[in-house]
Structure formats: C-alpha cells, structure tokens
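The structure appears right after this line, and notes come after that.
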Amino acid sequence: MIDLPLIWAFLIAIAILIYVILDGFDLGIGILFPFLEEEDRDIAMNTVAPVWDGNETWLVLGGGGLLATFPLAYSILMPALYFPVLLMLFGLIFRGVAFEFRWRDKGHQRYWDIGFVAGSIVASFCQGVALGAFIQGVEVSGRAYAGGWWDWLTPFSVLTGVALVVGYALLGATWLVMKTDGRLGEKAVRYARFTTVGTVVFIGLISGATLSLDTRFMKVWFGFPAVLYTAAVPLAVGLVSWWLWRRLSREMDYRPFIAAILLFVLCFIGLGISLFPYIVPMGVTIWEAAAPDDSLAFLLIGTAVLLPLILAYTGYAYYVFRGKVKPGQGYH
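Each residue of the sequence shown is one higher than the last, beginning at 16 in my numbering.
Shown next, in the form of structure tokens:
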C-alpha cells in the first residue's frame with residue numbers, strides 16, 4: 016500500500032528546501048547590498064532580475080501544500096508562528112516592491128535600496144526564527160495550539176534567525192562569484208570566505224544547541240547503531256566546507272555555489288533525521304496530521320502534472336539567463 020502521508024511530507028520538504036536555496040541567494044544579495052558600490056549593486060540585481068520572483072513559487076507550494084495535505088499541522092503551527100510569518104511576508108513584499116521601484120524611481124533610489132536591504136534581512140531573519148521555534152517544538156493540547164503569543168521568541172530561535180541571515184549571505188556571495196567577474200567578483204569571493212566561516216560556526220552552534228533541547232535528539236544521533244549512519248552527516252559537512260573554501264581560492268565559477276547549496280542540503284537532511292516522524296515537534300506525527308487518503312491521492316494527481324511544469328520552466332529560465340553578467344547589461 017502506498018504511504019500517501021509520507022510521500023506528501025517528502026514533497027513539501029523538498030518544496031521548502033528548493034525555496035530556501037533559490038530565494039536564499041537573492042535574499043542573500045539584499046543582505047550583502049550595503050557592502051556594494053552603486054555600479055556593483057546594479058550588476059548584482061541584474062544577476063537575479065530574471066528569476067527572483069519565480070523563486071517564490073516554491074514558498075507558495077510548500078505553504079499551500081501543508082494546508083491542503085496536513086491541515087492539523089497547519090492549524091497548530093500557524094497560531095504558534097503568526098508573528099514571524101507575518102513579518103516575513105511583509106519583508107518579502109517590501110523587498111519585491113523595492114526591487115522594482117529602484118529602477119523606475121531614480122530620484123528616491125537610495126530609499127528603495129534601504130527598503131530592499133531591510134526587506135531581505137527581515138524576511139531572512141524571520142524565516143530563521145520560525146525554523147528555530149519549529150525545531151524547539153510547540154505546546155499542543157488535544158488538536159490545538161496551547162502555547163502563548165510569544166513562545167516562538169527564545170534565544171534558540173534568535174540564534175537560528177541570525178544563522179539563516181549569514182547562510183543566505185553565503186548563498187548570495189557564491190551566486191555572485193558564479194555570475195560576475197572583475198571587481199564585484201573579487202569582492203564576492205571575500206564575502207563568501209567570511210560567510211563560509213560564519214555559516215560553519217553557526218552550524219556547529221545550532222547543532223549543539225539542538226541536542227540540548229530534548230533527550231530524544233541525543234538518542235537519534237548518538238544511539239547505537241544509528242550513530243554509524245548519522246555520523247556521515249557532520250563528516251560530509253566538514254568535507255563540503257573544505258571543498259567550498261578550496262574552490263574560493265581558485266577561479267570564479269559555479270563550484271562554490273554548488274558547495275554552498277550542498278551545505279544547506281546536508282543541514283536539511285540533519286533536520287529531517289532529528290525530527291522524523293514528527294511534523295509538529297514533538298507532538299504530532301506525519302500520519303496523525305494528514306488529510307484523508309482520498310484527498311491526498313486527488314492532490315497528488317494534480318501535483319504530478321504541475322510539479323514537472325514548474326521544474327521545467329524554472330530550469331529553462333536559469334538556462335536562458337546563464338553566464339556572467341557584465342556592467343551595463345540588464346533585463347529591465
């Protein structure tokens with residue numbers, strides 16, 4: 016028998032991961048914006064101009080998919096995370112408006128630049144805070160959220176918020192390493208080195224803090240024989256980090272960006288190992304929160320048609336606008 020809840024949990028997890036990677040690098044460019052000169056800012060924005068709004072498709076898929084396929088989880092998590100989620104959406108909206116208007120309202124470009132930076136940082140930080148609040152768990156009573164309005168705000172969630180800002184800056188820097196050369200490319204290499212160190216440090220800090228949240232995490236990672244398999248994740252993080260650092264010492268190409276993506280994938284795998292099979296840590300499992308199988312099967316049919324189309328047009332957009340972006344070039 017097909018395990019539809021497990022399939023949908025996997026699909027939603029993949030959609031969220033793709034969103035984090037794709038929207039992460041253009042949010043990262045917004046985070047790095049204050050450190051760029053005016054001409055460099057135009058080039059940096061032109062590297063993402065053809066793709067940035069399409070990247071947010073995956074956020075809609077992840078959020079909408081959660082509501083449709085795991086309504087119980089959605090009804091518990093949303094009240095627990097209302098404030099950071101709303102702030103994140105405001106940040107994304109303001110970032111998008113500023114992105115468009117800075118090209119068309121030259122008289123106020125400085126203010127639109129500030130809006131672009133603020134929207135990017137707020138959205139990134141709030142995503143990290145929501146992730147931290149999710150990992151530490153929410154209070155559940157029966158089938159409803161039983162916690163308070165500010166339960167999401169803890170030292171751990173603030174730590175994950177700052178960590179994601181640094182991680183997105185790494186994605187943005189390595190994206191610029193891949194898409195630019197000359198002065199901006201050299202700056203991007205320096206920023207990528209700095210954010211690589213910061214990201215690896217935060218991975219270590221959050222991993223240690225997560226283990227202290229619940230004894231179950233210690234058992235999952237260090238119990239025998241599970242440790243024989245889980246040990247591969249931190250080992251892989253170390254190897255990828257070394258590869259990323261080495262590639263930043265060579266020619267500016269796509270490899271540092273791929274390495275940065277692999278770091279995020281490995282962290283996502285680690286998160287899955289820690290939380291499985293819970294979709295509301297540590298209160299509700301995937302199967303307890305799932306919609307009826309008939310609904311999941313019906314939605315899966317539509318997704319089987321739409322998902323390949325989304326992947327196809329996303330891949331085609333990146334293919335068409337491949338290569339380095341030069342000063343004076345643009346898509347506006």
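For every residue, glycine included, the Cβ atom is placed at its ideal position computed from N, Cα and C.
Thinking just about the alpha-carbon of each residue, which of the options is nearest to the one in residue i?
| i | options | result |
| --- | --- | --- |
| residue 43 | 267, 146 and 107 | 107 |
| residue 274 | 282, 264, 265 and 259 | 259 |
| residue 221 | 65, 171 and 314 | 171 |
| residue 82 | 40, 127, 195 and 310 | 310 |
| residue 214 | 70, 338 and 176 | 176 |
| residue 137 | 99, 127, 196 and 153 | 99 |
| residue 207 | 223, 226, 182 and 230 | 182 |
| residue 226 | 285, 200 and 264 | 285 |
| residue 12 | 314, 336, 198 and 339 | Summary: the structure shown does not reach residue 12, with the chain confined to residues 16 through 347, and so no result is reported for it. |
| residue 321 | 57, 17, 58 and 80 | 80 |
| residue 166 | 156, 158, 157 and 152 | 152 |
Can you list, in chain order, the residues of its chain with a C-beta nearer than 7 Å to that of residue i? Leave out the 5 residues immediately preceding and following it.
| i | result |
| --- | --- |
| residue 301 | 20, 21, 24, 292 and 294 |
| residue 131 | 45, 48, 110, 113, 114 and 117 |
| residue 252 | 218, 278 and 281 |
| residue 139 | 42, 46, 179, 180 and 183 |
Kindly list the residues whose CB is nearer than 6 Å to the CB of residue i, restricted to its own chain and excluding five residues on each side of it in sequence; keep chain order.
| i | result |
| --- | --- |
| residue 74 | 34 |
| residue 154 | 161 and 162 |
| residue 147 | 171, 172 and 175 |
Would you list the residues sitting across from residue i in a DSSP beta bridge?
| i | result |
| --- | --- |
| residue 299 | 295 |
| residue 160 | 155 |
Is it right to say residue i is buried, meaning 16 or more other beta carbons lie within 10 angstroms of its own, or is it exposed?
| i | result |
| --- | --- |
| residue 347 | Annotation note: pLDDT 48 at residue 347 (below 50); position unreliable, coordinate value reported separately. Exposed, since its Cβ has fewer than 16 Cβ neighbours within 10 Å. |
| residue 327 | exposed |
| residue 312 | exposed |
| residue 211 | buried |
| residue 267 | buried |
| residue 272 | buried |
| residue 92 | buried |
| residue 299 | buried |
| residue 316 | exposed |
Please say whether residue j and residue i have beta carbons closer to each other than 7 Å?
| i | j | result |
| --- | --- | --- |
| residue 133 | residue 96 | no |
| residue 194 | residue 329 | no |
| residue 306 | residue 86 | yes |
| residue 191 | residue 178 | no |
| residue 276 | residue 36 | yes |
| residue 77 | residue 150 | no |
Within the same chain, show all residues whose beta-carbon is closer than 8 Å to that of residue i, passing over the 5 residues directly before and after it, in chain order.
| i | result |
| --- | --- |
| residue 333 | 66 |
| residue 231 | 297 |
Is residue i a contact residue of the ligand NAD, with contact defined as CB to any heavy atom under 6 Å?
| i | result |
| --- | --- |
| residue 83 | Among the components of this structure there are no ligands whatsoever, and the ligand NAD is therefore not found. |
Is there a Cβ of chain C sitting closer than 7 Å to that of residue i, yes or no?
| i | result |
| --- | --- |
| residue 30 | Structure shown: chain C not included; a single protein chain is present. |
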